[in-house]
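Notes for the one structure printed next.
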Ligand SMILES: Nc1ncnc2c1ncn2[C@@H]1O[C@H](COP(=O)(O)OP(=O)(O)OP(=O)(O)O)[C@@H](O)[C@H]1O
Ligand SMILES: Nc1ncnc2c1ncn2[C@@H]1O[C@H](COP(=O)(O)OP(=O)(O)OP(=O)(O)O)[C@@H](O)[C@H]1O
Ligand SMILES: [Mg+2]
Ligand SMILES: [Mg+2]
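Chains as they are written, first to last, in the UniProt record's numbering: chain A, 1 to 267; chain B, 1 to 279.
If you want it as structure tokens, here you go:
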């Protein structure tokens, strides 16, 4: 194969997926540059998670092409897939079902370091897990607790720490800050920013909070019933949304001001 | 007038490796009939434990204080009497929508259950279920009524859970982060429905959320939690205009706004600065 790949960390071409004959993703294409954060927004049920799951090879698309740093994801052999899995991590929309309830938080974070042979030394693994817990605002003592005993936002942070542990090149985040209080959310968003600066981490960031997307993402892609209807720099799209659906999304963003909100509901 | 729900010095602890860990340290608050109260605060501050304590759902939690529903303390009720309270008076939306759905039953079956238990005929239950799901913004609600949970997207499942909680018209709805997976348009639609139910049937709502934009537009009153207890409560306008507690001020300052300059780094609640002032 002649891999003339340019600089894309991730490239998705004509992704198509249907369930039971019903098309859900209808030919989606986009690129993610190294160190870039691309927001993916759209109505509930528009296909965002399906796109993410296809890219991470958790769901088999009907057709399309996915390249991670030039390497073919869909045609990857089992061995190639192992490295791909390390280079591309996903944090799920549902942090509850994605964390094995029988493992402790520490073991969940260490798992990737062990499986991929990144850190064979047990003590060092433990240290890295502890450091990650602290980075997401939890503490060393939390390493021995099981997922069930954590709050919703705490579990989500464990899932984030787990994904970051293996230092992926591409991170796919499906609504990962939506259940965090604004202060912890700010902490995680600032962490993502630092990681892209420092490690050139690229992020596909699915979110419904357009203010969060504005803060974190360079570009935003708008998905409407399985098709990308708009993609471009955040600032531009927010100032001049070309598609009526994008406009209606922007109009619906609530603002933290009781009087302004009441005035809007009245119309 | 007695409030519909009144928590009086509610405390909760869980068994830990070095003895019980207290996670609620005296929660006192109330919700009047038809009132919409928002419970906000730090992740891990005890919002969900508070919600579940009202229904006594955490079996390994030991609870003390009082949880008065219509003036009656539910902490003293037998498990049997508790079951009636859970079903009949209170609808609960868990923070974790997937875990509260049965994976092997259709979503329609699950939405109809609360009505069927009350003797509503199947056909009528289905009609009301489909209608409600439609009002919650699920496209093709009729056709998708017989789907299974795994066939629904995250936001669609979240709305199924809301439908199950409100279909039997509870006096109190406790909703724990019910809109985290919803895009802003659907979110507005869901909140409008809840507002209408509160107004039409005088349903009370205890809404747990971290989204201070939602709170601004929805709640009559706000309770701010930190470290297992409220640090501040009051009418929504007052809290936003004149937050008294430094934690509340820090929280309001951390909200990203769509009209912000994204190059400015988001602030977080400054824990170190707070410690001096708290407790
Ligand atoms: N079953 C349990 N055993 C031990 N500790 C628990 C248990 N459930 C909750 N906790 C702890 O109690 C505290 C309060 O948890 P709770 O789930 O109420 O937080 P929360 O305010 O809802 O947070 P979030 O916004 O992250 O959902 C947390 O520190 C959590 O770790
Ligand atoms: N396994 C499946 N079987 C059948 N239909 C599915 C399956 N997974 C997803 N769908 C359908 O595909 C569509 C897109 O779902 P997806 O989860 O990708 O949406 P989403 O944009 O992530 O929505 P949300 O914001 O609510 O999470 C929905 O109509 C959903 O019901
Ligand atoms: Mg989704
Ligand atoms: Mg919670």
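Glycine residues also receive a C-beta, built at the ideal position from the N, C-alpha and C atoms.
{"Item": "Does the beta carbon of residue 95/B fall short of 7 angstroms from some heavy atom of ligand 4?", "Value": "yes"}
{"Item": "Return no unless some Cβ of chain B is closer than 8 angstroms to the Cβ of residue 254/A.", "Value": "yes"}
{"Item": "Given a limit of 9 angstroms on CB to CB distance, which residues of the segment 207-218 of chain B reach chain A?", "Value": "210, 211, 212, 213, 214, 215, 216, 217 and 218"}
{"Item": "8 angstroms is my cut-off, CB to CB: does residue 43/A come that close to chain B?", "Value": "yes"}
{"Item": "Put residue 192/A into one of helix, strand or coil per three-state DSSP.", "Value": "helix"}
{"Item": "Would you mind telling me which residues of chain A sit closer than 8 angstroms to residue 65/B, beta carbon to beta carbon, in chain order?", "Value": "Here the premise fails: no neighbours, minimum Cβ distance about 20 angstroms."}
{"Item": "Suppose contacts are defined by Cβ-Cβ distances below 8 angstroms. Is residue 132/A in contact with residue 159/A by that definition?", "Value": "no"}
{"Item": "Look at the alpha carbon of residue 224/A and the alpha carbon of residue 43/A, and state the distance between them as a whole number of angstroms.", "Value": "7 angstroms"}
{"Item": "Which residue spans inside the segment 42-68 of chain A form an unbroken beta strand (DSSP E) run of at least 3?", "Value": "63-68"}
{"Item": "Three Cβ pairs or more, each shorter than 8 angstroms: is that satisfied between the segment 199-218 of chain B and the segment 117-127 of chain B?", "Value": "no"}
{"Item": "What is the residue span of the beta strand (DSSP E) that residue 230/B lies within?", "Value": "229-235"}
{"Item": "Quick one: what's got a C-beta closer than 8 angstroms to residue 225/B's C-beta in the same chain, skipping five residues either side?", "Value": "27, 39, 40, 41, 42, 45, 46, 47, 50 and 231"}
{"Item": "Nearer than 7 angstroms: is that true of the beta carbon of residue 151/B relative to any heavy atom of ligand 3?", "Value": "no"}
{"Item": "In whole angstroms, what separates the C-alpha of residue 83/A from that of residue 111/A?", "Value": "15 angstroms"}
{"Item": "For residue 239/A, count neighbouring Cβ atoms within 10 angstroms of its own Cβ and tell me buried if that reaches 16, exposed if not.", "Value": "exposed"}
{"Item": "Taking all protein chains shown into account, decide if residue 109/A is buried (16 or more other Cβ within 10 angstroms of its Cβ) or exposed.", "Value": "buried"}
{"Item": "Against chain B, with Cβ distances strictly below 8 angstroms, would residue 182/A count as a contact?", "Value": "yes"}
{"Item": "Mind listing, in chain order, the continuous alpha helix (DSSP H) runs of no fewer than 4 residues lying wholly within the segment 130-198 of chain A?", "Value": "152-165"}
{"Item": "Along the segment 85-100 of chain B, what residues have a CB closer than 7 angstroms to any CB found in chain A?", "Value": "95, 96, 98 and 99"}
{"Item": "Terminal residues of the continuous beta strand (DSSP E) containing residue 225/B?", "Value": "221-226"}
{"Item": "Taking the beta strand (DSSP E) that residue 64/B belongs to, which residues open and close that run?", "Value": "62-69"}
{"Item": "Give a yes or no on whether 8 angstroms exceeds the smallest Cβ distance from residue 247/A to chain B.", "Value": "no"}
{"Item": "Give a yes or no on whether 8 angstroms exceeds the smallest Cβ distance from residue 100/A to chain B.", "Value": "no"}
{"Item": "For residue 181/A, tell me which candidate among 82/B, 31/B, 78/B and 269/B has the shortest Cα-Cα distance.", "Value": "269/B"}
{"Item": "Looking only at its chain, what residues have a beta carbon closer than 7 angstroms to the beta carbon of residue 254/A, apart from the 5 residues adjacent to it on each side?", "Value": "261"}
{"Item": "Would you please verify whether the beta carbon of residue 58/B is less than 8 angstroms from any beta carbon of chain A?", "Value": "no"}
{"Item": "Which residue comes first and which comes last in the alpha helix (DSSP H) that contains residue 200/B?", "Value": "184-200"}
{"Item": "I want to verify the contact list: residues of chain B whose CB lies under 7 angstroms from the CB of residue 64/A, in sequence order.", "Value": "Correct list: empty, because the minimum Cβ distance to chain B is about 20 angstroms."}
{"Item": "Quick check: does the Cβ of residue 98/A come within less than 7 angstroms of any heavy atom belonging to ligand 3?", "Value": "no"}
{"Item": "Can you list the residues near ligand 3, meaning Cβ strictly closer than 7 angstroms to any non-hydrogen atom, in the order they appear in the chain?", "Value": "48/A, 49/A, 93/A, 174/A, 175/A, 206/A, 153/B, 154/B, 155/B and 181/B"}
{"Item": "I need the straight-line Cα distance from residue 109/B to residue 67/B, nearest angstrom please.", "Value": "32 angstroms"}
{"Item": "Just confirm the distance between the C-beta atoms of residue 12/A and residue 18/A, as a whole number of angstroms; I'd bet it's less than 8 angstroms.", "Value": "Actually they do not touch by this definition, with Cβ atoms about 17 angstroms apart."}
{"Item": "Taking Cβ-Cβ distances shorter than 8 angstroms, what residues in chain A pair up with residue 186/B?", "Value": "43 and 44"}
{"Item": "Decide if residue 105/B is buried, meaning its Cβ has at least 16 other Cβ atoms within 10 Å, or exposed.", "Value": "exposed"}
{"Item": "With 16 other CB atoms within 10 Å as the buried threshold, where does residue 170/B fall?", "Value": "buried"}
{"Item": "Once DSSP output is grouped into helix, strand and coil, what is the label at residue 89/A?", "Value": "strand"}
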